[in-house]
Ligand SMILES: NC(=O)C1=CN([C@@H]2O[C@H](COP(=O)(O)OP(=O)(O)OC[C@H]3O[C@@H](n4cnc5c(N)ncnc54)[C@H](O)[C@@H]3O)[C@@H](O)[C@H]2O)C=CC1
Ligand SMILES: O=C(O)[C@H]1O[C@H](OP(=O)(O)OP(=O)(O)OC[C@H]2O[C@@H](n3ccc(=O)[nH]c3=O)[C@H](O)[C@@H]2O)[C@H](O)[C@@H](O)[C@@H]1O
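In my numbering, the protein residues as written are 43 to 523.
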């Protein structure tokens with residue numbers, strides 16, 4: 043019986059291995075982590091991450107052929123295939139700070155694998171890593187191999203949060219990169235056999251190691267680039283009276299472009315897009331390719347511009363000051379159907395409004411108050427590093443923030459509402475009731491184009507929707523470029 047172990051029980055390790063265990067009942071799968079609270083949560087009724095469909099998958103196989111454990115070394119020792127799905131955050135200090143991937147956690151996992159192994163293993167890069175990381179990992183493993191054979195494969199993950207289970211059941215492709223030699227290809231075949239339990243062979247792409255590693259960074263960069271393209275267009279739409287939804291539809295019906303991932307927004311968030319593009323920029327620079335680096339830098343610049351532009355629009359529309367005004371923030375997660383707040387655009391928007399002395403009342407259906415306070419008090423890139431390395435900002439600013447448990451409470455007596463996550467429940471709110479309980483004029487700033495602007499205007503709101511023609515109030519306010 044093949045035994046699989048995955049180091050890192052996070053957003054990727056947990057769901058990926060749960061689906062693998064479900065689809066391969068004859069394989070024993072252990073997900074291990076150094077974080078005891080995380081493993082305890084995986085073994086409880088309240089899983090550590092919110093992901094539609096995940097509870098059901100875990101319930102079906104936990105205790106049968108799926109195990110969660112902090113006994114990292116024992117499971118690595120016993121496994122034939124070891125996935126490594128630890129975090130690979132942006133470095134916060136030293137060489138490449140603010141851009142390069144921090145491989146501390148990966149390196150420590152690799153050293154531990156080398157230390158505890160007594161039999162040959164396939165080691166699979168599941169984390170997103172810089173191209174040619176496998177070479178470094180190979181050196182660490184081989185240096186202490188005691189005659190054991192290690193084969194390194196790159197098998198990047200493409201799931202998106204909120205749809206992880208669906209994506210894992212039915213992936214567009216599974217990518218496996220290995221060495222171009224018989225031992226490497228044997229390892230590729232072994233991993234292909236695992237995925238072939240549920241993924242059609244024609245969707246399993248096998249490449250060399252470096253192509254697989256780079257394809258993951260490239261895929262995220264291309265996806266983020268589409269969003270920055272449509273967001274840059276949204277600014278021009280507002281200036282000219284065009285409607286970004288109509289433009290995106292017209293552009294996306296060209297089959298060469300395609301309709302997906304063209305929704306204008308307050309900016310993209312999530313733990314990976316920015317981190318992976320920064321990593322790509324750093325790799326381009328290290329390879330003496332400044333023009334290529336600058337191209338990708340622009341994707342992040344436009345994203346920052348979009349978040350700033352949104353916050354500036356809020357302030358300028360409300361007579362250029364939000365000082366002392368209550369602003370309701372609806373949605374804090376980086377997208378709907380997840381409780382994840384990593385790099386959410388809400389952090390930037392909230393910080394800017396707090397700096398302008400607004401009082402924020404925040405509601406998100408899935409995000410806990412403790413998480414929101416932590417996010418608003420942490421320095422850039424610190425969230426993905428251990429607590430003792432995090433730099434916490436002055437506590438005082440957070441006095442202006444309160445976190446509440448429903449949208450009606452958040453909006454009561456507010457001057458304005460910012461919709462920052464596209465949760466379905468925001469579409470069906472009783473906006474008449476909300477309007478009655480707000481200070482007038484009452485504003486809605488829709489950063490996700492989820493509310494029905496026509497209806498809201500009929501009720502009496504002044505509505506700003508990203509990339510949509512501006513109503514006369516907003517047109518008359520000073521420019522926010
Ligand atoms: N979150 C996502 O949707 C996606 C993430 N990725 C990539 O997958 C990787 C993991 O991402 P997430 O699951 O989101 O991270 P995460 O932070 O949720 O999980 C990583 C886990 O690794 C554990 N860990 C770190 N060092 C360890 C060690 N030496 N031994 C045992 N456990 C250790 C941490 O305690 C943590 O629980 C990253 O490289 C990310 O870029 C790829 C595709 C999607
Ligand atoms: O490497 C990763 O971590 C993953 O990153 C993204 O997945 P994820 O960040 O979970 O979620 P997305 O659906 O891609 O959304 C990212 C951000 O872009 C925003 N977005 C998305 C689509 C769109 O049209 N407009 C837009 O603003 C979302 O609201 C969100 O803030 C990719 O979609 C996954 O393929 C990849 O595996």
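Each residue gets a CB set at the ideal place from its N, CA and C atoms; glycine is no exception. Note that the structure is a prediction, hence the values are computed from the model and not measured.
* Asked: Apart from the five residues just before and just after residue 558, which ones in its own chain have a Cβ nearer than 6 Å to its Cβ?
  -> What is shown of the chain runs 43 to 523, which leaves residue 558 out entirely.
* For ligand 2, is there a heavy atom less than 6 Å away from the beta-carbon of residue 311? -> yes
Q.
Let me make sure I understand the geometry here. Which of 210, 239, 243 and 193 has the alpha-carbon closest to that of residue 224?
A. 193
Query raised in the report: Does the Cβ of residue 470 lie closer than 6 Å to at least one heavy atom of ligand 1?
Result: no
Heavy atom of ligand 2 within 6 Å of residue 168 beta-carbon = no
(Q) Which residue marks the beginning of the alpha helix (DSSP H) containing residue 195, and which one marks its end? (A) Residue 195 -> not in any alpha helix (DSSP H); beta strand (DSSP E) instead, spanning 192-196.
>> Short of 6 Å in beta carbon distance, which residues of its chain neighbour residue 357, apart from the five on each side in sequence? Order them along the chain.
In response: 364 and 398
Extent of the continuous alpha helix (DSSP H) run through residue 82: 78-84
For this session: Could you tell me the distance, in whole angstroms, from the CA atom of residue 320 to the CA atom of residue 339?
Result: 8 Å
Does residue 551 come out as helix, strand or coil in the three-state DSSP assignment?
The structure shown has nothing for residue 551, since the chain only spans 43 to 523.
Exercise. Going by the C-beta, is residue 530 closer than 6 Å to any heavy atom of ligand 1?
Worked result: Beyond the ends of the chain as shown, which are 43 and 523, falls residue 530; an answer cannot be given.
Run the proximity test for residue 113: is its beta-carbon closer than 6 Å to any non-hydrogen atom belonging to ligand 1? no
Taking 6 Å as the cut-off, does the CB of residue 53 come closer than this to any heavy atom belonging to ligand 1?
-> yes
With a Cβ-Cβ cutoff of 7 Å, do residue 69 and residue 49 count as a contact? no
- Task: Could you tell me the distance, in whole angstroms, from the CA atom of residue 299 to the CA atom of residue 292?
- Result: 10 Å
### Task
Could you check what DSSP says for residue 287 in three-state terms: helix, strand or coil?
helix
Cut-off 8 Å between Cβ atoms - residues of its own chain near residue 275, not counting five sequence neighbours on either side:
286, 289, 290, 306 and 509
* Contacting residues, own chain, Cβ-Cβ under 8 Å from residue 485 (five flanking each side not counted) -> 356, 359, 360, 457, 458, 459, 503, 504, 505 and 506
Terminal residues of the beta strand (DSSP E) in which residue 250 lies: 246-250
query = Does the distance from the C-beta atom of residue 156 to that of residue 183 stay below 7 Å?
reply = yes
Item to complete: In the DSSP assignment, find the beta strand (DSSP E) that holds residue 460 and state where it starts and stops.
Response: 458-461
Query raised in the report: In whole angstroms, what separates the C-alpha of residue 317 from that of residue 221?
Result: 27 Å
Distance cutoff 7 Å, beta carbons only. Does residue 79 sit that close to anything in chain B? Here there is only one protein chain, and chain B is not present.
### Neighbourhood of residue 64 by C-beta, 7 Å cutoff - its chain only, sequence neighbours within 5 removed
99, 102 and 103
* Under the criterion of a Cβ to heavy atom distance below 6 Å, does residue 103 qualify as lining ligand 2? -> no
May I ask which residues mark the beginning and end of the beta strand (DSSP E) holding residue 181? Taken as a continuous stretch (DSSP letters only), residue 181 belongs to no beta strand (DSSP E), being part of the alpha helix (DSSP H) at 175-185.
For residue 420, the three-state DSSP class (helix, strand or coil):
strand
Would you mind reading off the limits of the beta strand (DSSP E) that contains residue 389? Looking at the DSSP string, residue 389 is not in any beta strand (DSSP E); the run it does join, the alpha helix (DSSP H), is 387-397.
Quick one, are the C-beta atoms of residue 452 and residue 446 less than 7 Å apart?
yes
Alpha-carbon to alpha-carbon, residue 490 and residue 400:
21 Å
Please report the residue range of the beta strand (DSSP E) in which residue 518 lies. Looking at the DSSP string, residue 518 is not in any beta strand (DSSP E); the run it does join, the alpha helix (DSSP H), is 514-518.
Notebook entry, point to check: Any heavy atom of ligand 2 closer than 6 Å to the Cβ of residue 203?
Noted result: yes
- Task: Would you mind reading off the limits of the alpha helix (DSSP H) that contains residue 326?
- Result: 315-328
Exercise for the section: Quick one: residues in its chain with C-beta nearer than 8 Å to the C-beta of residue 190, no 5 flanking neighbours on either side, listed in chain order? Expected result: 159, 160, 161, 162 and 163
Identify, in the order they occur along the chain, each residue of the same chain with its Cβ nearer than 7 Å to the Cβ of residue 517, setting aside the five sequence neighbours on each side.
-> none
Segment limits, alpha helix (DSSP H) that includes residue 150
146-158
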